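Each protein sequence line maps, in turn, to chains A and B. Residue numbering for the first sequence follows the numbering used here, starting at 25 and increasing by one per position. Residue numbering for the second sequence follows the numbering used here, starting at 25 and increasing by one per position. Built from N, CA and C at the ideal position, the CB exists for glycine as well. Since we're looking at a predicted model, the values are computed, not measured. Here the structure comes first, spelled out in structure tokens, and everything after it is commentary.
Protein chains: 2
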Amino acid sequence: MIHQDTIVALATPSGAGAIAVIRLSGSDAIKIADSCFQSVTATKSLSNQKTHTIHLGHIIDDSKTIDEVLVSVFKNPNSYTGEDVVEISCHGSNYIQQEIIQLFLRNGCRMATAGEFTLRAFLNGKLDLSQAEAVADLISSDNEASHQIAMQQMRGGFSSEIAKLREELLNFASLIELELDFAEEDVEFADRTQFKALIERITFVLKRLIDSFAVGNVIKNGIPVAIVGEPNVGKSTLLNALLNEERAIVSEIAGTTRDTIEDEISIGGIGFRFIDTAGIRDTKDVVESIGIKKTFEKIDQAQVVIYLFDSTQFEALESQFIVELEKIKNKYPQKPLIVIANKIDQIDDTQIAVMQKDIPEIQLLSAKTGFGVEQLTNKLLNLINTGALRNNETIITNSRHYDSLLKAFEEIQKVKYGLDTDLSGDLMAIDIRQALYHFGEITGEITNDDLLGNIFANFCIGK
Amino acid sequence: MIHQDTIVALATPSGAGAIAVIRLSGSDAIKIADSCFQSVTATKSLSNQKTHTIHLGHIIDDSKTIDEVLVSVFKNPNSYTGEDVVEISCHGSNYIQQEIIQLFLRNGCRMATAGEFTLRAFLNGKLDLSQAEAVADLISSDNEASHQIAMQQMRGGFSSEIAKLREELLNFASLIELELDFAEEDVEFADRTQFKALIERITFVLKRLIDSFAVGNVIKNGIPVAIVGEPNVGKSTLLNALLNEERAIVSEIAGTTRDTIEDEISIGGIGFRFIDTAGIRDTKDVVESIGIKKTFEKIDQAQVVIYLFDSTQFEALESQFIVELEKIKNKYPQKPLIVIANKIDQIDDTQIAVMQKDIPEIQLLSAKTGFGVEQLTNKLLNLINTGALRNNETIITNSRHYDSLLKAFEEIQKVKYGLDTDLSGDLMAIDIRQALYHFGEITGEITNDDLLGNIFANFCIGK
Numbered sequence: 025m026i027h028q029d030t031i032v033a034l035a036t037p038s039g040a041g042a043i044a045v046i047r048l049s050g051s052d053a054i055k056i057a058d059s060c061f062q063s064v065t066a067t068k069s070l071s072n073q074k075t076h077t078i079h080l081g082h083i084i085d086d087s088k089t090i091d092e093v094l095v096s097v098f099k100n101p102n103s104y105t106g107e108d109v110v111e112i113s114c115h116g117s118n119y120i121q122q123e124i125i126q127l128f129l130r131n132g133c134r135m136a137t138a139g140e141f142t143l144r145a146f147l148n149g150k151l152d153l154s155q156a157e158a159v160a161d162l163i164s165s166d167n168e169a170s171h172q173i174a175m176q177q178m179r180g181g182f183s184s185e186i187a188k189l190r191e192e193l194l195n196f197a198s199l200i201e202l203e204l205d206f207a208e209e210d211v212e213f214a215d216r217t218q219f220k221a222l223i224e225r226i227t228f229v230l231k232r233l234i235d236s237f238a239v240g241n242v243i244k245n246g247i248p249v250a251i252v253g254e255p256n257v258g259k260s261t262l263l264n265a266l267l268n269e270e271r272a273i274v275s276e277i278a279g280t281t282r283d284t285i286e287d288e289i290s291i292g293g294i295g296f297r298f299i300d301t302a303g304i305r306d307t308k309d310v311v312e313s314i315g316i317k318k319t320f321e322k323i324d325q326a327q328v329v330i331y332l333f334d335s336t337q338f339e340a341l342e343s344q345f346i347v348e349l350e351k352i353k354n355k356y357p358q359k360p361l362i363v364i365a366n367k368i369d370q371i372d373d374t375q376i377a378v379m380q381k382d383i384p385e386i387q388l389l390s391a392k393t394g395f396g397v398e399q400l401t402n403k404l405l406n407l408i409n410t411g412a413l414r415n416n417e418t419i420i421t422n423s424r425h426y427d428s429l430l431k432a433f434e435e436i437q438k439v440k441y442g443l444d445t446d447l448s449g450d451l452m453a454i455d456i457r458q459a460l461y462h463f464g465e466i467t468g469e470i471t472n473d474d475l476l477g478n479i480f481a482n483f484c485i486g487k
Numbered sequence: 025m026i027h028q029d030t031i032v033a034l035a036t037p038s039g040a041g042a043i044a045v046i047r048l049s050g051s052d053a054i055k056i057a058d059s060c061f062q063s064v065t066a067t068k069s070l071s072n073q074k075t076h077t078i079h080l081g082h083i084i085d086d087s088k089t090i091d092e093v094l095v096s097v098f099k100n101p102n103s104y105t106g107e108d109v110v111e112i113s114c115h116g117s118n119y120i121q122q123e124i125i126q127l128f129l130r131n132g133c134r135m136a137t138a139g140e141f142t143l144r145a146f147l148n149g150k151l152d153l154s155q156a157e158a159v160a161d162l163i164s165s166d167n168e169a170s171h172q173i174a175m176q177q178m179r180g181g182f183s184s185e186i187a188k189l190r191e192e193l194l195n196f197a198s199l200i201e202l203e204l205d206f207a208e209e210d211v212e213f214a215d216r217t218q219f220k221a222l223i224e225r226i227t228f229v230l231k232r233l234i235d236s237f238a239v240g241n242v243i244k245n246g247i248p249v250a251i252v253g254e255p256n257v258g259k260s261t262l263l264n265a266l267l268n269e270e271r272a273i274v275s276e277i278a279g280t281t282r283d284t285i286e287d288e289i290s291i292g293g294i295g296f297r298f299i300d301t302a303g304i305r306d307t308k309d310v311v312e313s314i315g316i317k318k319t320f321e322k323i324d325q326a327q328v329v330i331y332l333f334d335s336t337q338f339e340a341l342e343s344q345f346i347v348e349l350e351k352i353k354n355k356y357p358q359k360p361l362i363v364i365a366n367k368i369d370q371i372d373d374t375q376i377a378v379m380q381k382d383i384p385e386i387q388l389l390s391a392k393t394g395f396g397v398e399q400l401t402n403k404l405l406n407l408i409n410t411g412a413l414r415n416n417e418t419i420i421t422n423s424r425h426y427d428s429l430l431k432a433f434e435e436i437q438k439v440k441y442g443l444d445t446d447l448s449g450d451l452m453a454i455d456i457r458q459a460l461y462h463f464g465e466i467t468g469e470i471t472n473d474d475l476l477g478n479i480f481a482n483f484c485i486g487k
């Protein structure tokens, strides 16, 4: 354990609540807490208590009682940070929280920086770097899929796989470097066939992980879906119908109001971000063409486009709909497009038949009655490869990991090429070292202060 | 202990943070927690653990891991509610919080209603009613004074005083009722002199407590201060100067922006609510007279009025100032009025002398340089009777208590009158019983469901 100064921070969300938790960590954590704590059984001292025990008493500033609290004691190395940790569970008033933190600051603590508790856990070997990063992901997870990925990563699923491959590669690297020492004797310690097999295995794993990033990224950030449609074709009703399917708004995107329906909805555990757009009918009107330009900007950002129209207006506006659909298809040939005829409860079968003949890919829906909603959610889910998720496969969501994996992949390709072309051992050793370096970046065996600073700055204070 | 169903709620403020705490209470709390918990030392069961211990493990829904958590176990009667209590300290993601609560709901818990944990603490005799009420006050306390009062009340300072008087009174009531049984023999078990002394003591205490309510009320809610002054006389600068004195905005009042400077500032531990008003100069303009009407409405609500003017304009506008001051004094003869000449750093001594001669009560100030600010804060503090606060006297802040004290006081006056006029014992006994009833209302010895419902509905859920 590294002896460090003692840090303090509020660990629970700010604001008033029933209780709040203030966390101290460091070699003086128990001593400092003790100096401000008076147990209900007056003579009890926190220093003499066992780890993982809870004590009722008062936080005292000189003779003034600040609050009645529960104090939890964790002794190193059996704590989150691996240091001595004390958690004060106090009444959840902003005033009390601040008074207690101020008191500890006056008594020798320092305010923790963002992520510093988890940084210490990493430095003390309680977590590897990718597990530490998963803590932040876990806290910000807001749907089942992102939660599951973060949880898996925190439990070491992904980094242990990387660590194992790294170890095997390191083993071969040592053998090849050993060969260099006996260069004149022309021996081969490293079995080239086995080595090739390992490189192929690594290539396979890296490729799978790298490919998973696309899925991971949409899962982490939600899949943007643009809904193109004129006012009153039923966009809000459709969103509400999708919501009812799941009965949970994940969040409203900051800065938008309910009126412009930009909602994030969790469907089958995956977050979808629905972006409302205006229609795109041809116009000479300047104001309207600005609107159309904006619609296209929004479609640019989306991964899926839903074209929604009111089927009671199909007869009157068919040619317009077809022109608009062609426009979208031509502009975005690669982007998944779902065409929905809404309000089909208000038209008859003959009319439906006409629509289906003229626009074969049409999907019938009544947001009002719920008809076709399930089919739509299935279609949305099928658009992303959720197979990996269902099979509990490792998915990469962190762009830092993605970057390191790409670099490692590149180096491994060089090693492979070296093996195929009988490259000399000394040159190959350089490529292997480079690959090892990028593996190490992921788990944190290779770090530098800037990197750590960047990673932990994204944490909230108190974690 | 009353065996009740097991309740669950989030105890920490909602929102994402480093950690969140979910609280269970009830006879099945430990059993239910155990069924969803897998200790890191796989065979450990929560039921076998000592009270006040903490256990690391995972919350499991079937085979799915929801989170790595710390579980605190409190066994009855050694818990907040007096029942078995389990606290789950999980990662502070909204998603995780909800998943864990949902899991417990599916496994036999019921969602706690507002204040239900504290209600159970009261029902199980862990707190009396006024102490329970103090918990809510403590959580909402946002300055030193309100915090100190709530803390004192929670520690029983006020209710133990009432309980003691109630007991003595109850004693006399019994003796007087005993006399009724021996009415024909004309005996006096209750010593009338001692009884008179007790009644006087009670009267004295009640009067002090009742009087303290005025102070308590302003401390709890902040003291409204109207600042009357034209634009640009330096209202914002003055508020900033007061702020700098204390370096803490308590809060901005909801619905107002920084522009209309309605700020709550803590001065010497007391909250002051500053209300910006327009000037009140005489005018024929319709719009302006509406403004003046509003100014007077705001002065109506305030307990203190500050009349602020720009001393560089004194020469030009003196007569207007004097008319306006007269207007305020005539309309509010009882309301404390502080007259401030701002910007005195910009005028010379001769001009100051003229001002002081014409408006003797004037207070010189420069919000810019800070001159006179301390004198102003002292003046504001002196306006309220903070003596009681400094002397650690009991202060009533709760209008329910105030109401019961007033009623008890009324009944005690009847008893006193009865004693003075040699009223018959049976009539006096009725008055005494009434007084006892109102005493009991405060500490909760006399309650009904409606009352309890009202009190605890003001709590947050999770407390």
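- For residue 56(B), the closest alpha carbon among the candidates 38(B), 388(B), 134(B) is that of 134(B).
- Going by C-alpha positions, residue 68(B) is about 8 Å away from residue 62(B).
- Among the residues facing chain A, residue 45(B) is included, as its CB has a counterpart in that chain under 9 Å away.
- Residue 456(A) is a Cβ neighbour of residue 196(A), given a cutoff of 9 Å.
- Contacts with chain A at 9 Å (Cβ-Cβ) include residue 36(B).
- When rounded, the separation of the alpha-carbon atoms in residue 92(A) and residue 28(A) is 29 Å.
- If you draw a straight line from the Cα of residue 419(A) to the Cα of residue 64(B), it is about 25 Å long.
- For residue 119(A), the enclosing alpha helix (DSSP H) covers residues 118-130.
- Excluding residues up to 5 positions away in sequence, 455, 458, 459 lie with their Cβ nearer than 6 Å to the Cβ of residue 435(A) in the same chain.
- Taking a contact as a CB-CB distance under 8 Å, the pair residue 183(B) and residue 467(B) counts as one, their CB atoms being some 5 Å apart.
- Around the C-beta of residue 140(A), 16 or more other C-beta atoms lie within 10 Å, and the residue is accordingly described as buried.
- For residue 115(A), at least one C-beta of chain B is nearer than 9 Å to its own C-beta.
- Under DSSP, residue 78(A) forms a beta bridge with 96(A).
- For the pair residue 230(A) and residue 425(A), the Cα-to-Cα distance works out to about 11 Å.
- In terms of beta-carbon proximity, residue 353(B) stays away from the interface with chain A, with every pair separated by 9 Å or more.
- Within the stretch 437-481 of chain B, the runs of alpha helix (DSSP H) at least 4 residues long that lie entirely inside it are, in chain order, 449-467, 473-481.
- Each residue's CA atom was taken as its position, placing residue 374(A) and residue 388(A) some 14 Å apart.
- Closest in C-alpha terms to residue 186(A), from the list 103(A), 95(A), 45(A), 233(A), comes 233(A).
- Residue state for residue 91(B) is assigned as strand, using DSSP reduced to three classes.
- Residue 297(A) has its alpha-carbon roughly 28 Å from the corresponding atom of residue 429(A).
- Looking at the DSSP output, residue 102(B) bridges to nothing.
- In the structure shown, residue 333(B) adopts extended strand secondary structure according to DSSP, grouped into three states.
- Rounded to the nearest angstrom, the gap between the Cα atoms of residue 382(B) and residue 326(B) is 26 Å.
- Within the stretch 225-258 of chain A, no residue places its CB atom closer than 7 Å to a CB of chain B.
- Within chain A, no residue has its beta carbon less than 8 Å from that of residue 479(B); the closest one is some 16 Å off.
- By alpha-carbon distance to residue 332(B), the top candidate from 356(B), 365(B), 320(B) is 365(B).
- The contact set of residue 487(A) on chain B, defined by CB atoms closer than 7 Å, consists of 42 in chain order.
- The bridge partners DSSP lists for residue 114(A) are 44(A).
- Nearest CB-CB separation between residue 128(A) and chain B: not below the 9 Å threshold.
- Residue pairing from DSSP leaves residue 383(A) without any beta-bridge partner.
- In the three-state reduction of the DSSP assignment, residue 250(B) falls in the strand class.
- Out of 477(A), 188(A), 198(A), 241(A), the CA that lies nearest to the CA of residue 225(A) is found in 188(A).
- Residues are counted here when their Cβ sits less than 8 Å from a Cβ of chain B; for the stretch 154-167 of chain A these are 159, 162, 163, 164, 165, 166, 167, given in chain order.
- Beta-bridge annotation (DSSP): residue 388(B) is paired with 365(B).
- At a cut-off of 9 Å between beta-carbon atoms, residue 70(B) makes no contact with chain A.
- Residue 173(A): member of the alpha helix (DSSP H) spanning 168-178, first to last residue.
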